[in-house]
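So for the sequence shown, our numbering puts the first residue at 46; every next one is plus one.
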Amino acid sequence: MSAGRAPHVLLAVCGGIAAYKACEVLRGLQKAGCEVRVTMTADAERFVGAVTFEALSGAPVADDLYDYPGSSIPHIELSEWADLAIVVPATANVMAKLACGIADDCLTSTLLACHGSCPVMVAPGMNTRMWANPATQANVSALRGRGVTVVGPGSGRLACGDVGEGKLAPVEDVVAAALDALGAAPRERDLAGLRLLVTAGPTHEAIDPVRYIANRSTGKMGFALAEAAAARGAEVTLVCGPIPRPLPLPSEVRRVDVVSAAQMHEAALSAFEGADAAICCAAVADYTPARPADHKLKKSREHLDRIELVETADILADLCAVKGGRVVAGFAAETDDLLAHAADKLARKGADLIVANDVSRPESTFGADTNRVALVSASGVEQLETMPLPAVADAVLDAVLRLGARPGSHRDSMR
Ligand code: CTP
């Protein structure tokens with residue numbers, strides 16, 4: 046594994062009812078800091094759609110040797126990309142194919158190509174009689190003999206109603222075994238005790254009770270930051286605008302929902318009183334209607350073509366004005382002159398870091414599951430590769446730490 050980058054895990058999903066648990070394994074690996082790509086069999090896609098794994102991993106799913114974006118030999122490239130391949134659930138059929146060296150689809154071809162390139166781990170999941178069948182047991186022994194690690198299976202009630210051995214091992218055990226094989230320590234709680242404020246999502250500025258001004262923000266980047274920071278031990282307050290679709294959030298994150306820029310300003314400044322650092326990821330409206338109507342405006346009677354706007358308060362700039370020694374970061378979503386605009390925002394708002402992303406590119410636009418950002422600070426510009434949002438979140442948090450964020454700094458700033 047190359048030093049200084051996230052471990053690469055290839056998740057191979059086969060056609061069994063436990064395929065849905067492969068989604069949780071994927072999330073567990075990401076939370077532990079791994080980058081995950083997925084290959085699936087056609088049968089697996091009858092249980093869970095490829096689109097689910099694409100959304101979670103932020104990368105295309107390899108399910109067709111002859112149709113994989115950006116590569117004509119996905120099985121070879123993925124086997125070389127991976128530091129570990131893990132099969133979840135490993136069905137009797139796929140283990141039999143692996144034991145015989147059969148490569149008749151994208152998943153089995155990729156696993157065969159892993160030989161000499163990356164270790165393979167299987168987490169079997171099947172009916173108890175299929176597991177107990179001497180053919181399956183012989184295949185498992187053959188795989189073990191060739192260095193394949195076998196995790197589980199566990200015992201219990203199976204989906205078919207039978208009780209016995211064959212159940213996929215608990216998700217935590219599968220993730221722990223993978224991290225163990227990678228030599229990756231469980232996620233370091235390097236933000237333990239840090240009180241972090243994150244703003245996320247759009248704001249809505251009311252014109253009247255039915256109309257508002259908004260923007261395309263989905264909140265995904267801010268939520269990824271909150272989730273990654275919580276996994277690393279931070280006490281996170283997420284001030285969240287009206288996101289268009291619900292997003293998952295760890296229960297330990299304190300969430301404060303707001304609607305308008307003014308409400309976000311008030312909530313963020315209040316939360317910042319007890320915070321050690323802040324990351325302003327929200328796409329806050331720059332202008333708001335000067336006098337929102339208390340009734341629905343009628344186009345025949347009232348001036349819907351002329352809405353007087355006033356500038357909103359700049360939350361990031363106002364946090365920076367009172368930050369003292371605390372680290373405050375902002376984002377700059379631009380469509381042109383990215384780095385020049387980011388450097389200007391860094392200076393104008395007094396921030397320690399501006400995370401600049403070009404929203405005209407598909408991999409870093411609103412709603413994408415990936416982002417390609419540049420970290421702009423007084424010490425220069427660091428351009429990062431396109432990465433899934435959890436990895437981008439970790440990189441931003443690493444930068445905030447490097448800039449000196451530390452637990453308890455909110456107390457220093459009050460003196
Ligand atoms: N921001 C904020 N409050 C505002 C406007 C912006 O906190 N009223 C923050 C955003 O959360 C982001 C950063 O400022 O972290 C940059 O936002 P952006 O809209 O790109 O910058 P603006 O200063 O509004 O400049 P412009 O719209 O001209 O690009």
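The beta carbon of each residue, even a glycine, is placed where N, CA and C say it ideally should be.
Here the structure is a predicted model, which means the values were calculated and not measured.
Should residue i be listed as close to ligand 1, given that the test is whether its C-beta is under 7 Å from any heavy atom?
i      : result
Leu361 : yes
Lys390 : yes
Asp403 : no
Phe268 : no
Cys326 : yes
Thr282 : no
His249 : no
Thr357 : yes
Gly375 : yes
Val329 : yes
Ala461 : The chain is shown only over 46 to 460; residue 461 falls outside these bounds and no answer can be derived.
Ala312 : no
Thr244 : yes
Ala276 : no
Ala378 : yes
Ala306 : yes
His386 : yes
How about residue i and residue j: are their beta carbons less than 8 Å apart?
i      : j      : result
Ala316 : Val284 : yes
Val133 : Val54  : no
Leu270 : Val243 : yes
Asp108 : Thr136 : no
Leu101 : Cys79  : no
Asn260 : Ala330 : yes
Ile360 : Ala313 : yes
Ala335 : Glu353 : yes
Val195 : Pro169 : yes
Pro119 : Leu110 : yes
Ala89  : Cys59  : yes
Ile131 : Leu56  : yes
Ala226 : Ala187 : no
Leu342 : Asp253 : yes
Val461 : Met140 : Nothing about residue 461 can be read from this structure; the chain reaches only from 46 to 460.
Phe411 : Thr263 : yes
Arg277 : Leu434 : no
Fully enclosed by the region 150-191, which beta strand (DSSP E) runs are 3 residues long or longer?
165-169
Quick check for students: name the residue ranges of the beta strand (DSSP E) that lie wholly in the region 361-408, counting only runs of 3 or more.
372-379 and 398-403
Decide if the region 201-211 is in contact with the region 239-250; the criterion is three or more beta carbon pairs, one per stretch, under 8 Å apart.
no
Below 8 Å, can you find three or more Cβ-Cβ pairs linking the region 365-382 to the region 437-454?
Put simply, the region 365-382 touches the region 437-454. At least three CB pairs are less than 8 Å apart.
Assess contact between the region 421-435 and the region 396-410, defined as three or more Cβ pairs (one per stretch) separated by less than 8 Å. Is contact present?
yes
Would you call the region 86-103 and the region 118-127 in contact, with 3 or more CB pairs under 8 Å?
no
Segment contact, 8 Å Cβ cut-off, at least three pairs: the region 380-387 with the region 401-416:
Taking a cut-off of 8 Å on C-beta distances, the region 380-387 touches the region 401-416, as three or more cross pairs fall below it.
Along the chain, which unbroken stretches of the alpha helix (DSSP H) at least 4 residues long are found entirely within the region 55-131?
64-76, 89-92, 95-102 and 119-126
Which runs of the alpha helix (DSSP H), 4 residues or longer, sit entirely within the region 211-262?
Runs of the alpha helix (DSSP H) inside the region 211-262: 216-227.
Fully enclosed by the region 318-351, which beta strand (DSSP E) runs are 3 residues long or longer?
Residue ranges of uninterrupted beta strand (DSSP E) with 3 or more members, entirely inside the region 318-351 and ordered along the chain, are 322-325 and 332-334.
Can we say the region 262-282 touches the region 217-226, given the rule of at least three CB pairs closer than 8 Å?
No contact exists between the region 262-282 and the region 217-226.
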